[in-house]
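Okay, so here's the structure we're looking at.
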Amino acid sequence: MKPSDHLTPCPQSICTRSRGFGFSLLEVLISVLVFSIGVLGIAALQLKAKQSGYEAVQRTIASSLAAELLERMRLNSSGTSLINYVTANGTQTLNAASPPAAAPDCSAGCTSTQIAALDLRNFWDALNGASETRNGNSTGGLVNPTACINGPADGSPGTYTVTIAWRGQADLTNANASTCGQGSYDGPSGTNGYRRILSITTWIGP
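For any residue, its number in my numbering is found by taking its place in the sequence shown, counting from 1, and adding 879.
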(Lines of atoms letter the chains of each structure in order from A and count residues from 1; the text may use other names and numbers.)
(Lines give C-alpha, C1' and ligand atoms only; values in the text may rest on other atoms or scores of the structure.)
Protein backbone atom coordinates (compact mmCIF):
# COMPACT_ATOMS: atom_id res chain seq x y z
CA MET A 1 0.00 0.00 0.00
CA LYS A 2 1.29 3.35 -0.93
CA PRO A 3 1.52 6.14 1.68
CA SER A 4 -0.69 8.28 -0.47
CA ASP A 5 -3.50 5.77 -0.12
CA HIS A 6 -3.99 6.93 3.48
CA LEU A 7 -4.65 10.58 2.44
CA THR A 8 -8.25 11.68 2.60
CA PRO A 9 -9.48 13.17 -0.69
CA CYS A 10 -10.36 16.87 -0.56
CA PRO A 11 -14.13 17.32 -0.37
CA GLN A 12 -15.45 19.14 -3.38
CA SER A 13 -17.10 21.89 -1.30
CA ILE A 14 -13.82 22.72 0.53
CA CYS A 15 -11.69 22.67 -2.60
CA THR A 16 -14.16 24.88 -4.41
CA ARG A 17 -14.23 27.31 -1.50
CA SER A 18 -10.41 27.46 -1.40
CA ARG A 19 -10.25 28.24 -5.08
CA GLY A 20 -12.88 30.94 -4.51
CA PHE A 21 -10.76 32.54 -1.81
CA GLY A 22 -7.83 32.67 -4.21
CA PHE A 23 -9.83 34.42 -6.89
CA SER A 24 -11.22 36.93 -4.36
CA LEU A 25 -7.70 37.92 -3.26
CA LEU A 26 -6.66 38.48 -6.87
CA GLU A 27 -9.71 40.65 -7.46
CA VAL A 28 -8.91 42.71 -4.36
CA LEU A 29 -5.34 43.25 -5.54
CA ILE A 30 -6.54 44.39 -8.96
CA SER A 31 -9.08 46.72 -7.35
CA VAL A 32 -6.38 48.25 -5.14
CA LEU A 33 -4.17 48.78 -8.19
CA VAL A 34 -6.95 50.48 -10.15
CA PHE A 35 -7.87 52.62 -7.13
CA SER A 36 -4.23 53.65 -6.64
CA ILE A 37 -3.93 54.71 -10.27
CA GLY A 38 -7.12 56.74 -9.92
CA VAL A 39 -5.88 58.46 -6.75
CA LEU A 40 -2.60 59.36 -8.46
CA GLY A 41 -4.55 60.82 -11.39
CA ILE A 42 -6.72 62.91 -9.07
CA ALA A 43 -3.63 64.17 -7.21
CA ALA A 44 -1.99 65.20 -10.49
CA LEU A 45 -5.20 66.94 -11.57
CA GLN A 46 -5.39 68.86 -8.29
CA LEU A 47 -1.77 69.96 -8.64
CA LYS A 48 -2.40 71.18 -12.18
CA ALA A 49 -5.54 73.02 -11.07
CA LYS A 50 -3.63 74.67 -8.24
CA GLN A 51 -0.88 75.80 -10.63
CA SER A 52 -3.44 77.19 -13.09
CA GLY A 53 -5.24 79.01 -10.28
CA TYR A 54 -1.99 80.54 -9.07
CA GLU A 55 -1.09 81.68 -12.60
CA ALA A 56 -4.54 83.28 -12.92
CA VAL A 57 -4.10 85.15 -9.63
CA GLN A 58 -0.69 86.43 -10.75
CA ARG A 59 -2.14 87.68 -14.05
CA THR A 60 -5.04 89.37 -12.25
CA ILE A 61 -2.60 91.20 -9.96
CA ALA A 62 -0.50 92.33 -12.94
CA SER A 63 -3.56 93.57 -14.84
CA SER A 64 -4.89 95.50 -11.86
CA LEU A 65 -1.57 97.19 -11.06
CA ALA A 66 -0.84 98.11 -14.69
CA ALA A 67 -4.28 99.71 -15.08
CA GLU A 68 -3.89 101.56 -11.78
CA LEU A 69 -0.52 103.04 -12.78
CA LEU A 70 -1.93 104.25 -16.09
CA GLU A 71 -4.77 105.98 -14.24
CA ARG A 72 -2.29 107.64 -11.88
CA MET A 73 -0.32 108.82 -14.89
CA ARG A 74 -3.51 110.23 -16.40
CA LEU A 75 -4.13 112.20 -13.19
CA ASN A 76 -0.60 113.58 -13.29
CA SER A 77 -0.44 114.46 -16.98
CA SER A 78 -0.33 118.24 -16.91
CA GLY A 79 2.46 119.85 -18.92
CA THR A 80 5.31 117.42 -19.51
CA SER A 81 5.05 115.62 -16.16
CA LEU A 82 4.60 112.29 -17.93
CA ILE A 83 8.31 112.35 -18.78
CA ASN A 84 8.92 111.44 -15.14
CA TYR A 85 7.31 108.06 -15.79
CA VAL A 86 9.05 107.17 -19.06
CA THR A 87 12.35 109.09 -18.64
CA ALA A 88 14.05 110.99 -21.45
CA ASN A 89 14.43 108.01 -23.78
CA GLY A 90 10.75 107.06 -23.78
CA THR A 91 11.24 103.89 -21.76
CA GLN A 92 11.63 103.09 -18.09
CA THR A 93 12.43 99.62 -16.79
CA LEU A 94 11.97 98.68 -13.15
CA ASN A 95 13.37 95.45 -11.73
CA ALA A 96 15.21 94.14 -8.69
CA ALA A 97 18.49 95.52 -10.01
CA SER A 98 17.00 98.90 -10.89
CA PRO A 99 14.11 99.77 -8.55
CA PRO A 100 12.54 103.24 -8.41
CA ALA A 101 13.78 105.82 -5.93
CA ALA A 102 12.44 105.95 -2.40
CA ALA A 103 9.04 107.61 -2.02
CA PRO A 104 9.23 111.35 -1.30
CA ASP A 105 7.61 112.90 1.74
CA CYS A 106 4.45 114.55 0.47
CA SER A 107 3.02 115.49 3.85
CA ALA A 108 3.38 119.19 2.93
CA GLY A 109 2.37 118.72 -0.71
CA CYS A 110 4.16 117.37 -3.79
CA THR A 111 5.21 118.67 -7.18
CA SER A 112 4.26 116.71 -10.29
CA THR A 113 7.77 115.22 -10.32
CA GLN A 114 7.41 114.05 -6.71
CA ILE A 115 3.96 112.66 -7.42
CA ALA A 116 5.44 110.59 -10.27
CA ALA A 117 8.19 109.33 -7.96
CA LEU A 118 5.58 108.39 -5.35
CA ASP A 119 3.41 106.62 -7.94
CA LEU A 120 6.35 104.59 -9.24
CA ARG A 121 7.49 103.61 -5.74
CA ASN A 122 4.01 102.53 -4.68
CA PHE A 123 3.57 100.64 -7.94
CA TRP A 124 6.86 98.79 -7.45
CA ASP A 125 6.11 97.97 -3.81
CA ALA A 126 2.71 96.57 -4.83
CA LEU A 127 4.34 94.43 -7.55
CA ASN A 128 6.58 92.91 -4.89
CA GLY A 129 3.82 92.55 -2.30
CA ALA A 130 5.59 94.80 0.19
CA SER A 131 2.40 95.24 2.22
CA GLU A 132 2.06 91.47 2.77
CA THR A 133 4.95 90.07 4.78
CA ARG A 134 5.82 87.07 6.90
CA ASN A 135 8.93 87.01 9.06
CA GLY A 136 10.12 90.12 7.26
CA ASN A 137 9.72 88.58 3.76
CA SER A 138 7.18 89.69 1.14
CA THR A 139 4.52 87.06 0.52
CA GLY A 140 2.25 88.84 -1.98
CA GLY A 141 2.70 90.45 -5.37
CA LEU A 142 4.38 88.80 -8.34
CA VAL A 143 7.35 86.45 -8.56
CA ASN A 144 10.49 88.28 -9.73
CA PRO A 145 8.61 91.13 -11.47
CA THR A 146 9.89 93.45 -14.17
CA ALA A 147 7.93 96.55 -15.22
CA CYS A 148 8.43 98.54 -18.42
CA ILE A 149 6.75 101.90 -19.06
CA ASN A 150 6.81 103.25 -22.62
CA GLY A 151 5.58 106.48 -24.17
CA PRO A 152 6.65 109.70 -25.93
CA ALA A 153 10.15 110.62 -24.80
CA ASP A 154 9.17 114.25 -24.22
CA GLY A 155 6.23 113.37 -21.97
CA SER A 156 3.73 114.84 -24.41
CA PRO A 157 0.19 113.49 -24.92
CA GLY A 158 0.21 110.18 -26.74
CA THR A 159 0.10 106.42 -26.41
CA TYR A 160 1.54 104.98 -23.21
CA THR A 161 2.08 101.31 -22.41
CA VAL A 162 2.69 99.58 -19.10
CA THR A 163 4.13 96.08 -19.48
CA ILE A 164 4.67 93.72 -16.57
CA ALA A 165 6.69 90.51 -16.76
CA TRP A 166 7.04 87.91 -14.01
CA ARG A 167 8.16 84.31 -13.50
CA GLY A 168 5.58 81.58 -14.02
CA GLN A 169 5.66 78.04 -12.65
CA ALA A 170 5.75 76.07 -15.89
CA ASP A 171 8.25 76.27 -18.74
CA LEU A 172 6.32 77.30 -21.87
CA THR A 173 7.16 78.49 -25.34
CA ASN A 174 7.01 82.29 -25.17
CA ALA A 175 6.27 83.93 -28.50
CA ASN A 176 5.52 87.43 -27.15
CA ALA A 177 7.52 90.03 -29.07
CA SER A 178 7.91 92.36 -26.07
CA THR A 179 11.46 92.84 -24.83
CA CYS A 180 10.37 93.57 -21.25
CA GLY A 181 12.27 91.21 -18.97
CA GLN A 182 14.04 89.67 -21.97
CA GLY A 183 16.55 87.01 -20.87
CA SER A 184 15.54 87.05 -17.19
CA TYR A 185 13.10 84.14 -17.35
CA ASP A 186 14.82 81.56 -19.55
CA GLY A 187 13.86 77.89 -19.22
CA PRO A 188 14.61 74.49 -20.81
CA SER A 189 12.36 75.33 -23.78
CA GLY A 190 14.47 78.37 -24.60
CA THR A 191 14.51 82.12 -24.09
CA ASN A 192 11.77 83.44 -21.78
CA GLY A 193 10.42 79.94 -21.07
CA TYR A 194 9.23 80.97 -17.60
CA ARG A 195 8.23 84.51 -18.55
CA ARG A 196 4.63 85.59 -18.18
CA ILE A 197 3.81 88.99 -19.58
CA LEU A 198 0.93 91.45 -19.65
CA SER A 199 0.68 94.80 -21.47
CA ILE A 200 -1.93 97.55 -21.29
CA THR A 201 -1.85 100.46 -23.73
CA THR A 202 -3.89 103.64 -23.55
CA TRP A 203 -3.94 107.22 -24.80
CA ILE A 204 -3.11 109.88 -22.22
CA GLY A 205 -3.81 113.48 -23.11
CA PRO A 206 -3.51 116.80 -21.27
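All residues carry an ideal CB built from backbone N, CA and C; glycine is no exception.
Counting along the chain, where does the alpha helix (DSSP H) carrying Gln993 start and finish? The continuous alpha helix (DSSP H) containing Gln993 extends over residues Ser991 to Leu1006.
The alpha helix (DSSP H) with Asn1055 in it runs from where to where? That residue, Asn1055, is in no alpha helix (DSSP H); it is neither H nor E in DSSP.
Enclosing alpha helix (DSSP H) for Asn963 [first to last residue]: Per DSSP, Asn963 belongs to the alpha helix (DSSP H) from Ile962 to Val965.
Assuming Leu997 and Pro983 are in contact, meaning their beta carbons sit under 8 Å apart, how far apart are those beta carbons, in whole angstroms? At roughly 6 Å, the Cβ-Cβ gap stays under 8 Å, so Leu997 and Pro983 are in contact.
Which full runs of the beta strand (DSSP E) of 3+ residues lie inside the stretch 922-952, going along the chain? Those beta strand (DSSP E) runs which fall completely within the stretch 922-952 and span 3+ residues do not exist here.
Ordered along the chain, which non-local residues of its own chain (more than five positions away) have a Cβ less than 7 Å from that of Ala967? Excluding residues within five positions, the ones whose Cβ falls inside 7 Å are Ala1032.
Could you check if Arg1075 is buried or exposed, using at least 16 other CB atoms within 10 Å of its CB as the buried criterion? Buried.
Could you name the residues that DSSP lists as bridge partners for Ile1076? Ala1044, per the DSSP bridge assignment.
If you compare alpha carbons, which of Asn1001, Trp1045 and Ala946 is closest to Tyr933? For the residues Asn1001, Trp1045 and Ala946, the minimum Cα distance to Tyr933 belongs to Trp1045.
Endpoints, beta strand (DSSP E) assigned at Asn968: No beta strand (DSSP E) holds Asn968; DSSP gives it neither H nor E.
Evaluate Phe1002 with the Cβ neighbour count: other Cβ atoms within 10 Å of its Cβ, from every protein chain shown; 16 or more gives buried, anything less gives exposed. Buried: at least 16 other Cβ atoms inside 10 Å.
In terms of DSSP beta bridges, what is Tyr1064 paired with? DSSP lists no beta-bridge partner residue for Tyr1064.
How many angstroms separate the CA atom of Thr1052 from the CA atom of Arg1013? Linking Thr1052 to Arg1013 through their CA atoms gives a straight-line distance of about 33 Å.
Can you grab the Cα-Cα spacing for the pair Ile909 / Gln1048, in whole Å? Inter-residue distance for Ile909 and Gln1048 is about 36 Å (C-alpha atoms, whole angstroms).
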